[in-house]
Amino acid sequence: MSSSLKSFFPILNDLLLKEINELHSFIDILRKEEQALIGGRIEEIDLYSSDKLRLIEVLTQLSNQRDEYLKGQGINLDENSINSWLEKQPSDQLSTKEAWNDLLNLARTVRQQNHSNGLIIASRLQHHQRALAALHSAAGNVSCYGPKGQAYI
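Using the numbering used here, read the sequence shown as starting at 304 and increasing by one per residue.
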């Protein structure tokens, strides 16, 4: 292995591990947010939103650092190219391959959890809109619809 690759892997590993740690934190917040959404604890949801924004900034910076580092080494940034490149590396770089796979799996978990939280929010919103419409109807107010089909009173 060339000396440039010997110094490359520890740096890439470090970047991946930092990103992995932040993704674990992000998943923890998403799971807490899910529980707060289910429990209707609005104050907690606000706190988690600000925590998520902070972590998104950190994750964006780390992702940009990783991308710049890989680009600087002449590696294409799409997932297939990185996977293919890692498969061609010596077996002693298994920790980097594992870290990359962990990163991808955690990113999938974040997407799934965020989607799940979005479904909970949509369900709650729909429930509240129906309740509001029922209250307005009971009060004798008639719902009208705007040009995009949105109900308004």
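For glycine and all other residues, C-beta sits at the position ideal for the given N, C-alpha and C.
| Item | Value |
| --- | --- |
| Distance, S353 Cα to D317 Cα | 26 Å |
| Straight-line gap, A437 to Q416 (C-alpha atoms, nearest Å) | 32 Å |
| Segment contact flag, the segment 392 to 403 with the segment 356 to 376, C-beta cutoff 8 Å, min 3 pairs | no |
| Close Cβ partners of L435 (< 7 Å) along its chain, the five nearest in sequence each way excluded | none |
| Segment contact, 8 Å Cβ cut-off, at least three pairs: the segment 423 to 432 with the segment 395 to 408 | no |
| CB contact flag (K335, E347, <9 Å) | yes |
| Coarse secondary structure for K374, derived from DSSP in three states | helix |
| Same chain, Cβ closer than 7 Å to Q368, five either side skipped, listed in chain order | L318 |
| Closest residue to L315 among S440, R411, F329, I378 (Cα-Cα distance) | I378 |
| With 16 other Cβ atoms within 10 Å as the buried cut-off, status of A441 | exposed |
| Residues of its chain near I330, where Cβ-Cβ distance is below 8 Å and the 5 sequence neighbours each way are ignored | L409, T412, V413, Q416 |
| D381 in three-state terms, based on DSSP | coil |
| Three-state secondary structure (DSSP) of K391 | coil |
| Neighbourhood of D370 by C-beta, 6 Å cutoff - its chain only, sequence neighbours within 5 removed | L380 |
| Option in K355, K374, T399 with minimal Cα separation from L320 | T399 |
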